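Using the working numbering, you'd call the opening residue of the sequence shown number 37 and step up by one each time. Note that the Cβ used here is the ideal one computed from N, Cα and C, for glycine as well. Every value quoted in this text rests on a predicted model; they were computed, and no experiment measured them. Inspection log for the structure reproduced underneath, given as structure tokens.
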Amino acid sequence: MTALAEAPTFHALEQRLALIACGENSRPGKTQACDVHRGKGPTMLRITSTGAVDALAAAICGSGHKHNRACAPCTDKAVKMIRVYNGETV
Ligand SMILES: [Zn+2]
Ligand SMILES: [Zn+2]
């Protein structure tokens, strides 16, 4: 069971990142990301761990944006997610 010891923490972080990507302030008391962003959780967590803001912002932005660059709000979210991942209080 030792191999699974970190799983709950990992999962909680994934949920937290997904919520930020989804827009945690988009509605009062929102505590869960939507299915779309939850589904992207593992991918976003992996990119967040690399610290690549551009790649992470693109993943958050997803196919909803037709231009090549992630939009400013998604870039802000990416920066915040990396800070959360690094254990900073945001
Ligand atoms: Zn969402
Ligand atoms: Zn965007």
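heavy atom of ligand 1 below 7 Å from A94 C-beta: no
DSSP-derived helix/strand/coil call for P78: helix
Distance, G59 Cα to A48 Cα: 17 Å
Whole-angstrom distance between A91 and V115, CA atom to CA atom: 11 Å
Touching by the beta-carbon criterion (3+ pairs, under 8 Å), the stretch 72–92 and the stretch 105–121: yes
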